[in-house]
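Each remark here refers to the structure printed beneath this line.
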Amino acid sequence: MSESATFRGLNNILYKNSFLKAGIIIISFFIGVILVTFVYLPSNPYASVGPDFAPPSYSFPFGTTNIGQNILSQWMVGTGSTLSVGLIAAVVSMVFGVMFGISAAFVKHMDEPLMRSADVILTLPTLPLMIVLAAFLKPTEDLIAIIIGILSWPATARVIRSTSLSIKSQPYIEVALMSGVPKRAIMFKDVFFHTLPIALTYSIFSIIGAILTIASLNFLGLGNLSYITWGSMIALANDSSAIYLGAWWWIIIPGLSIILLSTGFAFIAYGLETKWRSI
Amino acid sequence: MIKMDPVNIVNVSKFFRDKKSGRIITAVDGVTLSLKVKTITALVGESGSGKTTLGRITTGLERANKGTVYIEGKEIQKYKSINLWQKVQYTHQDPYSALDPYLKVRDVLERPLKFLLGISDKEQLTEIIENLITKIGMDRTYLDKRNEELSGGERQRILVGRAFIVKPVYVVADEPTTMIDSIHRNVILGIIGDLVKETNAAVMLITHDISVALHMSDNIAIMYNGEIIEKGPTKAVFDEPLHPYTGNLKIASVDNLIKGREVKVDLSKINLFKETKGCKFAKFCQFSFEKCWIEKPSLKEIREDHFVACFLYS
Amino acid sequence: MIEKNNLYNSTYLMQVKDLTISYAQLRNTKRAVNRVTFELKYGEILGIIGESGAGKSTIGLAILGMIKKPNEITGQILVEGEDVTKMTPNELEAYRWTKVSMVFQTAMNSLNPVATVGTSFIRLLLDKRLAKSVTEARQLAVKFLRIVNLPLPGVVLTMYPHEMSGGMKQRLALAMAISALPKILIADEPTTALDTINQLVILELIKEIKEQKKVESVILISHDLAVHAFLDDRVLVMYKGSIVERGTRKDVFSLDAPHHPYTSNLINSSVLDSTDRNVITKEIPDARKTDNGCPFSDLCPEAMEKCFTNEPQEVPISDTHSIKCFLYG
């Protein structure tokens, strides 16, 4: 897109869209935290640097774990890992979603098979399936993210398919055909650009799903527990009976963060979606 | 070598089944028409007359249920897509939805050259494109603009330019001035005229506005309810309209009204509820008689090259 | 409180003074009507010619009191002394349909598709208290259907909108619009989407309705020159929110009379054998145009230096004809 178009586009989208603005602020905050981890961590998240089960204080703003690890450091590292997992899942879901969605709309004999597979996948219960896979395959966090992405392409694909169908009936597609542009080029260049905004919006929905799924898996003790994520923090906290011992900070802080991050993305997705609807 | 007409439309019909009522709607009903090289034929009709459908059938964008369209003597179905688009092009009515907003003007013009004519040499492409953009009255700086930055008039010019850039033998211009304000109307028509002179193409100019036809066309075909009811050289048909419907179009035209001629249409004979098995215009015709309601008149040559489908003359 | 304006001149049925209307859009406001002043006489058909963006439909809506926040409206619209822009919602409710009513281009499509035409019409008559019972309303409906020459009115009342042709629906809309015998009938693009015959029918009807005093005066809004050339007594030519030329039908449509360059272009595009058939306006908008200059300056072939920076005044060419252009004064 040209500079003038994107700039005007962004301005139009942001105007009077408080959901979008709020969402962007939230996500920016978390991204800021990740950027900070590249240059500074209060202390080694794995090392015991303080008293056990210390409540939030000046030296340990988020308190400590059962073996004295700085929860703030863990939380900062966890931000990065949680977000990266979400992003991997979203990218995978978007790639497959767009590819299959556009193909279903433009290639007659691919429509039925693709949409039926989408229906099947949509009926699969994600979490139980992931539990089974995680328990038997013992995959890395990244692989889990990819699998979640693969399981969430149907939602995106459906929307992309209907968008593509309406684009297909537009005169400018006919003009491209009359100019001799090969069908594949029309599908994956022209149509693709027009589905991009909606694809991004729906991918954000899948980020949320991914974050929650991984957190749940971690909480259940699956996945690599030495890899710090917010979910694994809650899992360890629970194992150490943090609630009974009154160490609310160890559970509440990562828990609230998951909610806040998800909400931030949800706001962005909602804000974008209402904008596309009105257009 | 027998010289053949670029376009021969032979007895073309197109039906639709209305989803709600299940009735069969005839959009185009037995149309026969030929277009000659380097001429502009205006296809004049009101909305719903089937003119757009006919235009699209003659460019292969839609398929006829009956009859055939011949492009340079060969049936249109027998052409491979690429070969068809080299010879036949179409411009859409709505310049806003016919141009991909994200594409650059340069892309729009380059694509037919690249994909239909196989030209890949950058210099050659640039030369042809720059040549064309001046012909449509815009300067080279437009080439790098995105379509979304263009006004309606500018877009329509690009659409027309794109259609002619491969030097086709036949172009259908579908209501090219309808969505343009009056200020740019003459400009577009002038451009079409210039491009016809340069490429020797045959053009079908579809319009509901008879003044556009008067302004621009060599021949005219009047379409009513899917049928061609009168056709011939524009001046002849307008000077002496034979079919009552054509007569009404002329009377109601701005040209006529401005020149101060009285408009007297006898509306008393209009019968809204009577069904016709014959001439489709009988309901609204002030000259109708018995035969008109029972039998369908066919196109007959009444004056030189001037055909009309009406029982007043046969 | 209805304000009776002291400046009200009773020879005119309606006076529009310095009317300015701006639409609030996403990031800015767009001025649709710019300080427009004109009058509507008793018993006349006034035409407003303009293309999209000229502001003509906006004026129609304003006369009906339909310009609401966040859109802004300043100036006065005096209908028999009452200022529409200052009316309260109750006053507007009483005013609409009975004093001024409108037939839209899309009137054909705004009928309730699941009710018979009769039901819709009778309901309207009862709502506006033009009849006191269903029987009375039905009789009144039949009477107005006859006025618009719809044959077999009893049968028509039992029909559903989709069973009627475009022309019939438009006539029905006209019947409903005049059922309260309003002083002013506004017809906004009444003939677009109709074929030639039906166009002539509707226009003839409007003429008859006025002559039979079913309405006092008519305001005809359309981009179609033929409609105006056929029907108008007086014409206003609008361009981008301003009136650029006004006069009687003869003044404006005469090929020999002087015209605003925009009007010349409009007319010459439609006339055979016009000597000015070739390009009349600049092909690329002149960038010298400023917001203070004439709205047509960027496309006008006769534009002079001062056209870009100053707005021209309306110059009288004759008693009835005036043109807003520096070419004439």
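Protein chains in written order, with my numbering: chain A, 5 to 283; chain B, 233 to 546; chain C, 7 to 335.
Every residue, glycine too, gets a C-beta built ideally from N, C-alpha and C.
_Distance cutoff 8 Å, beta carbons only. Does residue 311 of chain B sit that close to anything in chain A?_
No, no contact with chain A.
*Could you pull out every residue in the same chain whose Cβ sits closer than 7 Å to the Cβ of residue 73 of chain C, ignoring the five residues on either side in sequence?*
Within the same chain, Cβ atoms closer than 7 Å to the Cβ of residue 73 of chain C are found at 27, 67, 79, the five residues on either side in sequence being excluded.
*Could you please tell me which residues of the region 353-372 of chain B, in chain order, have their CB closer than 8 Å to any CB of chain C?*
Residues passing the 8 Å Cβ filter: 369, 370, 371.
*Can you find a C-beta in chain B that's less than 8 Å from the C-beta of residue 73 of chain A?*
Not an interface residue.
*Quick check: the region 371-384 of chain B against the region 328-340 of chain B, are there 3 or more CB pairs under 8 Å?*
Three or more Cβ pairs drawn from the region 371-384 of chain B and the region 328-340 of chain B lie within less than 8 Å of each other, which places the two stretches in contact.
*Would you check if there are 3 or more beta carbon pairs closer than 8 Å linking the region 270-279 of chain A to the region 251-258 of chain A?*
Contact between the region 270-279 of chain A and the region 251-258 of chain A is absent, because fewer than three Cβ pairs lie under 8 Å.
*Rounded straight-line distance, which links the Cα of residue 110 of chain A to that of residue 291 of chain B*: So the alpha carbons of these two residues sit roughly 22 Å apart.
*Verify the CB distance criterion: does residue 203 of chain C have a CB-CB separation below 8 Å to chain B?*
Closer than 8 Å to some Cβ of chain B, the Cβ of residue 203 of chain C qualifies, so yes.
*How about residue 489 of chain B: is its C-beta nearer than 8 Å to some C-beta of chain C?*
Residue 489 of chain B counts as touching chain C.
*Closest by CA to residue 263 of chain B, which one among B:364, B:432, B:457?*
With distances taken between Cα atoms, residue 263 of chain B lies closest to B:457.
*residue 175 of chain A: contacting residues in chain B (beta-carbon distance under 8 Å)*: 324, 326, 329, 330, listed in chain order.
_Chain-ordered residues of the region 160-172 of chain A with a beta carbon less than 7 Å from chain B_ = Within the region 160-172 of chain A, no residue has a Cβ that lies closer than 7 Å to any Cβ of chain B.
_Against residue 343 of chain B, what residues of chain A qualify as contacts under a CB-to-CB distance less than 8 Å, listed in chain order?_
Result: 180, 183, 184, 185.
*Member of C:220, C:221, C:269 whose CA lies at the smallest distance from the CA of residue 241 of chain C*: Checking every option, the nearest Cα to that of residue 241 of chain C belongs to C:269.
*Provide the residue span of the beta strand (DSSP E) that contains residue 244 of chain B, from first to last.*
239-249 is the extent of the beta strand (DSSP E) around residue 244 of chain B.
_Based on DSSP bridge pairs, tell me the residues matched to residue 451 of chain B._
The partner list for residue 451 of chain B (beta bridge, DSSP) reads B:273, B:465.
_Among the candidates A:93, A:192, A:53, whose CA atom is the shortest distance from the CA of residue 146 of chain A?_
Nearest option by C-alpha distance: A:93.
*Selection from B:311, B:299, B:287, B:308 that minimises the alpha carbon distance to residue 322 of chain B*: Nearest in C-alpha terms to residue 322 of chain B, of all of B:311, B:299, B:287, B:308, is B:287.
*asked:* Quick check: is the beta carbon of residue 197 of chain B nearer than 8 Å to any beta carbon in chain C?
replied: Examination of residue 197 of chain B is not possible in this model, given that chain B is present from 233 through 546 alone.
*Label residue 17 of chain C either buried or exposed according to how many other C-beta atoms from any shown protein chain fall within 10 Å of its C-beta, with 16 as the threshold for buried.*
Counting Cβ neighbours within 10 Å, residue 17 of chain C comes out exposed, since fewer than 16 surround it.
*Compare the C-alpha of residue 112 of chain C against each of C:169, C:180, C:121 and name the closest.*
Checked all of C:169, C:180, C:121; the closest Cα to residue 112 of chain C is C:180.
*Extent of the continuous alpha helix (DSSP H) to which residue 179 of chain A belongs*: For residue 179 of chain A, the enclosing alpha helix (DSSP H) has its first and last residue at 175-182.
*Euclidean distance between Cα positions of residue 44 of chain C and residue 189 of chain C*: So the two alpha carbons sit approximately 17 Å from each other.
*What in chain C is Cβ-close to residue 255 of chain B, meaning under 7 Å?*
The premise fails here: residue 255 of chain B is roughly 12 Å from chain C at the closest Cβ pair, so nothing lies under 7 Å.
*Would you say residue 276 of chain C faces chain B, with C-beta separation under 8 Å as the test?*
Chain B, which has a Cβ nearer than 8 Å to the Cβ of residue 276 of chain C, makes this yes.
*Quick one: grab the DSSP three-state call for residue 42 of chain C.*
Residue 42 of chain C falls in the strand class under three-state DSSP.
*Determine the burial state of residue 131 of chain A: buried for a count of at least 16 other Cβ atoms within 10 Å of its Cβ, exposed for fewer.*
Answer is exposed; the Cβ neighbour count stays below 16.
*Tell me which same chain residues have a C-beta within less than 8 Å of the C-beta of residue 253 of chain A, skipping the five on either side of it?*
Result list for residue 253 of chain A: 59, 60, 66, 67, 75, in chain order.
_Min CB distance residue 194 of chain A to chain B below 8 Å_ = Yes - at least one Cβ of chain B is within 8 Å of the one on residue 194 of chain A.
*What number of angstroms, rounded off, separates the C-alpha of residue 69 of chain A from the C-alpha of residue 56 of chain A?*
Each residue's alpha carbon lies about 6 Å from the other.
*According to DSSP, is residue 90 of chain A helix, strand or coil?*
The three-state reading of DSSP puts residue 90 of chain A in helix, counting H, G and I together.
_For residue 108 of chain A and residue 185 of chain A, what's the separation of their Cα atoms in angstroms?_
Their backbone Cα atoms lie some 19 Å apart in a straight line.
*Excluding the 5 residues preceding and the 5 following residue 118 of chain C in the sequence, name in chain order all residues of the same chain whose CB lies nearer than 6 Å to its CB.*
Exclusion of the five residues before and after residue 118 of chain C leaves 126 as the residues of its chain whose Cβ lies within less than 6 Å of its Cβ.
*Cα-Cα separation between residue 155 of chain A and residue 201 of chain A, rounded to whole angstroms*: Within the model, the alpha-carbon separation for residue 155 of chain A versus residue 201 of chain A is close to 21 Å.
*Do residue 340 of chain B and residue 331 of chain B have their CB atoms nearer than 8 Å?*
Less than 8 Å divides the Cβ of residue 340 of chain B from the Cβ of residue 331 of chain B.
_Please tell me whether residue 197 of chain A has its Cβ less than 8 Å away from any Cβ of chain B._
By this cut-off, residue 197 of chain A is an interface position.
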